[in-house]
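**Student:**
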Ligand code: FAD
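In full-length UniProt numbering, the protein residues as written are 129 to 596.
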């Protein structure tokens, strides 16, 4: 069969990994096609992930700040929420970015093809358009960037509109009176923060013994405390085992150590993780090995077992984060274009944009203990930060984890407002092999929250020391 489209490079999926790969590939001179099943570019992150959630979290932050401003003599009264306007704002933020991407693709002469792609051979994809027509695309190189989707626990009545995944929750259909969030990870807690600020009565159930498993418990505590103050009911070591749609709401049966008072909710958000899309592409027809759970194995250059086919982003493994996907996308395009490179990042930061934010990078204290690593901990409480006091947000702290012998920084964690903006300094320190004294001796501007990173480098075991 004659191909309808031929190209040197096809990128399958236009999320942050895919569009970065396509743009880099075009910049390096490869004739590039970007295939995406949806009309808008940007994937999960721009359309139904990072960006819309942060737009809504901004609104939540303003509501929260206004509510507490009366503490220092400024009273804004009770907020009035115009939900349609808020939704429009979020959609506008998303639209601005996705349109920007379309413009950038055009500028670089990346051909965007809309349709759902599947492999038919090691050099061919079949693309089914929304109109039912198919096109055959023949490629020399391919980067698979088809991402992931929410895990849907099968016992929830998904055909009832009141059961939501993260995409539905971001749609903001209404402000439910009673919302149940199943899963207290980053996505669940970010959405809990939004809906709580908008006025929902929020209950969170988490199967593990702490919220946000993966982060150190001391980092999570200030968030747990604040959620409690805001009236969010958190139930740990508890799970939903049954759910039924009733007229009055979604009725749930719980199992575990801390059963919620209510069992019927106006809406339920199921946020229990994401599953890779690797098994839905007929990749085996191209000879690409796909793991049991749908992840695709790659080497340090992002190559699959088929040398001219690469894979990146959420579908190659954890952490499922946009900044990991973009770095991998860039690397895969560069390797495909003939550059001799490898994926060498030492650390990938994680951020929960909750209130307060939690950010961590590299080795956590919990991990260091479990592995018996000999580490020192430098910790600076924000109660001693002039900036945090001025912001009335002293619950935060900054900590550095460093190798006790070499003093090299191996990890760090921050909880507090804007923690996500502060963590990059610690990531850079780890990447550059900094010793803790290098940060301590770097003059941080006063009064800023960033100073807390400098101070954490000097406060070791509660006393100020010079670790250099
Ligand atoms: P995706 O963004 O999943 O893109 C894959 C694309 O491939 C999609 O557009 C899909 O339509 C397309 N596709 C799939 N199959 C086919 C096919 N057969 N044919 C054609 N096209 C196909 N990460 C962060 O780093 N920071 C955050 O703050 C953050 N917040 C998040 C909030 C939420 C609510 C969610 C759900 C996720 C969040 N993430 C965040 C995670 C982030 O969105 C993902 O890690 C990121 O989008 C992964 O990028 P990707 O390129 O691998 O794939």
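Note that the Cβ used here is the ideal one computed from N, Cα and C, for glycine as well. All of these numbers come straight from a predicted model, not from anything done at the bench.
Does ligand 1 have a heavy atom nearer than 7 Å to the CB of residue 455?
**Tutor:** For the purposes of this step, residue 455 is taken as residue 327 along the chain shown, with counting starting at 1. For ligand 1, not one heavy atom lies less than 7 Å from the Cβ of residue 455.
**Student:** Distance, Cα to Cα, residue 575 vs residue 228?
**Tutor:** The residue you call residue 575 lines up with position 447 of the chain shown. The residue you call residue 228 lines up with position 100 of the chain shown. Cα to Cα, residue 575 sits roughly 36 Å from residue 228.
**Student:** Assuming residue 322 is part of the alpha helix (DSSP H), what are its boundary residues?
**Tutor:** Your numbering for residue 322 matches position 194 in the chain shown. It spans 314–326 - the alpha helix (DSSP H) in which residue 322 sits, taken as one unbroken run.
**Student:** The alpha helix (DSSP H) that contains residue 517, what's its start and end?
**Tutor:** Counting from 1 along the chain shown, the entry for residue 517 is found at position 389. Taken as a continuous stretch (DSSP letters only), the alpha helix (DSSP H) holding residue 517 covers 514–518.
**Student:** By DSSP, does residue 161 sit in helix, in strand, or in coil?
**Tutor:** Within the chain shown, residue 161 is the residue found at index 33, counting from 1. Residue 161 falls in the strand class under three-state DSSP.
**Student:** Does the Cβ of residue 316 lie closer than 7 Å to at least one heavy atom of ligand 1?
**Tutor:** Working through the chain shown from its first residue, we reach residue 316 at position 188. It does not: the Cβ of residue 316 is nowhere closer than 7 Å to a heavy atom of ligand 1.
**Student:** Please report the residue range of the beta strand (DSSP E) in which residue 310 lies.
**Tutor:** Sequence index remark: in the chain shown, residue 310 carries index 182 (1-based). Unbroken beta strand (DSSP E) run through residue 310: 306–310.
**Student:** Out of curiosity, what's the CA-to-CA distance linking residue 131 and residue 147?
**Tutor:** As a first step, residue 131 must be located in the chain shown, where it is residue number 3. As a first step, residue 147 must be located in the chain shown, where it is residue number 19. So the alpha carbons of these two residues sit roughly 23 Å apart.
**Student:** Can you check which of these residues, 445, 477 and 427, is closest to residue 438 by C-alpha distance?
**Tutor:** Taking the first residue of the chain shown as position 1, residue 438 is located at position 310. Out of 445, 477 and 427, 427 has the C-alpha closest to the C-alpha of residue 438.
**Student:** Can you check the region 434–470 for any beta strand (DSSP E) of at least 3 residues that lies completely inside it and give the ranges in chain order?
**Tutor:** Entirely contained in the region 434–470, the beta strand (DSSP E) runs reaching 3 residues are, in chain order, 437–439.
**Student:** Using 8 Å as the threshold, is the C-beta distance between residue 587 and residue 507 below it?
**Tutor:** Taking the first residue of the chain shown as position 1, residue 587 is located at position 459. Taking the first residue of the chain shown as position 1, residue 507 is located at position 379. The answer is yes: Cβ separation under 8 Å.
**Student:** Comparing the CB of residue 357 with every heavy atom of ligand 1, is any distance shorter than 7 Å?
**Tutor:** As a first step, residue 357 must be located in the chain shown, where it is residue number 229. No, the beta carbon of residue 357 sits no closer than 7 Å to any heavy atom of ligand 1.
**Student:** Below 7 Å, is the gap between the Cβ of residue 164 and the nearest heavy atom of ligand 1?
**Tutor:** Residue 164 sits at position 36 when you count from the first residue of the chain shown. Yes - ligand 1 has a heavy atom lying nearer than 7 Å to the Cβ of residue 164.
**Student:** Note down, in chain order, each residue of its chain lying with its Cβ closer than 7 Å to the Cβ of residue 138, except the 5 sequence neighbours on either side.
**Tutor:** The residue given as residue 138 occupies position 10 in the chain shown. Around residue 138: 161, 163, 253, 265, 267 and 270.
**Student:** Per DSSP, residue 543 forms a beta bridge with which residues?
**Tutor:** To locate residue 543, count along the chain shown from 1; it is residue 415. Answer is 486 and 525.
**Student:** Run through DSSP, which three-state label would residue 562 get?
**Tutor:** Here the question's residue 562 lines up with position 434 in the chain shown. Residue state, collapsed to three classes: coil.
**Student:** Relative to the C-alpha of residue 494, which candidate in 527, 521 and 299 has its C-alpha closest?
**Tutor:** Sequence index remark: in the chain shown, residue 494 carries index 366 (1-based). Answer by Cα proximity: 527.
**Student:** Please classify residue 371 as buried or exposed, where buried requires at least 16 neighbouring CB atoms within 10 angstroms.
**Tutor:** In the chain shown, the residue the question calls residue 371 occupies position 243. By the neighbour-count rule (16 or more Cβ atoms within 10 Å), residue 371 is buried.
**Student:** For the alpha helix (DSSP H) containing residue 415, name the first residue and the last one.
**Tutor:** Within the chain shown, the letter at position 287 stands for residue 415. Here residue 415 belongs to no alpha helix (DSSP H), and DSSP marks it neither H nor E.
**Student:** In terms of residues, what are the limits of the alpha helix (DSSP H) holding residue 580?
**Tutor:** The residue you call residue 580 lines up with position 452 of the chain shown. From DSSP, the alpha helix (DSSP H) with residue 580 extends over 579–584.
**Student:** Pull the bridge partners of residue 531 from the DSSP assignment, please.
**Tutor:** Numbered from 1 along the chain shown, position 403 holds the residue referred to as residue 531. Residue 531 is bridged to 503.
**Student:** Please return the same chain residues whose Cβ sits closer than 6 Å to the Cβ of residue 418, not counting the five positions on each side in sequence.
**Tutor:** Here residue 418 refers to the residue found at position 290 of the chain shown. Cβ neighbours of residue 418 beyond the five flanking positions: 406, 407, 411 and 424.
**Student:** If you draw a straight line from the alpha carbon of residue 567 to that of residue 556, how long is it in whole angstroms?
**Tutor:** Residue numbering aside, residue 567 sits at position 439 when the chain shown is read from its first letter. Residue numbering aside, residue 556 sits at position 428 when the chain shown is read from its first letter. Looking at the two C-alpha atoms, the distance is approximately 11 Å.
**Student:** Over what stretch of residues does the beta strand (DSSP E) that includes residue 191 continue unbroken?
**Tutor:** To locate residue 191, count along the chain shown from 1; it is residue 63. Taken as a continuous stretch (DSSP letters only), residue 191 belongs to no beta strand (DSSP E), being part of the alpha helix (DSSP H) at 178–196.
**Student:** Taking DSSP as the reference, what is the three-state secondary structure of residue 481?
**Tutor:** Position 353 of the chain shown, counting from 1, holds the residue named residue 481. In this structure, residue 481 counts as coil in the three-state DSSP scheme.
**Student:** Which residue spans inside the region 332–365 form an unbroken beta strand (DSSP E) run of at least 3?
**Tutor:** Listed in chain order, the complete beta strand (DSSP E) runs (minimum 3 residues) inside the region 332–365 are 361–363.
**Student:** Does any heavy atom of ligand 1 sit closer than 7 Å to the C-beta of residue 442?
**Tutor:** On the chain shown, position 314 is the one that residue 442 refers to. It does: the Cβ of residue 442 is within 7 Å (strictly closer) of some heavy atom of ligand 1.
**Student:** Would the C-beta of residue 380 count as close to ligand 1, meaning under 7 Å from any of its heavy atoms?
**Tutor:** Walking along the chain shown from the start, residue 380 turns up at place 252. Residue 380 Cβ: outside cutoff for every heavy atom of ligand 1.
**Student:** Could you pull the start and end residues of the alpha helix (DSSP H) that residue 73 belongs to?
**Tutor:** The question about residue 73 has no answer here: the residues shown for the chain are numbered 129 through 596.
**Student:** Roughly how many whole angstroms lie between the Cα atoms of residue 280 and residue 250?
**Tutor:** To locate residue 280, count along the chain shown from 1; it is residue 152. To locate residue 250, count along the chain shown from 1; it is residue 122. Between residue 280 and residue 250, the C-alpha separation is close to 31 Å.
**Student:** In whole angstroms, what separates the C-alpha of residue 473 from that of residue 429?
**Tutor:** Here residue 473 is taken as the residue at index 345 of the chain shown, counted from 1. Here residue 429 is taken as the residue at index 301 of the chain shown, counted from 1. Whole-angstrom Cα-Cα distance: 12 Å.
**Student:** State buried or exposed for residue 210, treating a residue as buried only when at least 16 other CB atoms are found within 10 Å of its CB.
**Tutor:** The sequence position of residue 210 within the chain shown is 82, counting from 1. Exposed is the call here.
**Student:** Between which two residues does the alpha helix (DSSP H) carrying residue 294 extend?
**Tutor:** Taking the chain shown and counting its residues from 1, one reaches residue 294 at position 166. Here the alpha helix (DSSP H) through residue 294 covers 294–299.
**Student:** Could you have a look at residue 384 and say whether DSSP puts it in helix, strand or coil?
**Tutor:** The residue labelled residue 384 in the question sits at position 256 within the chain shown. Residue 384: strand per DSSP, three-state reduction.
**Student:** Just to confirm, does residue 173 get its C-beta within under 7 Å of one of the non-hydrogen atoms of ligand 1?
**Tutor:** Reading the chain shown from its first residue, position 45 is the one you call residue 173. Answer for residue 173: yes, Cβ within range of ligand 1.
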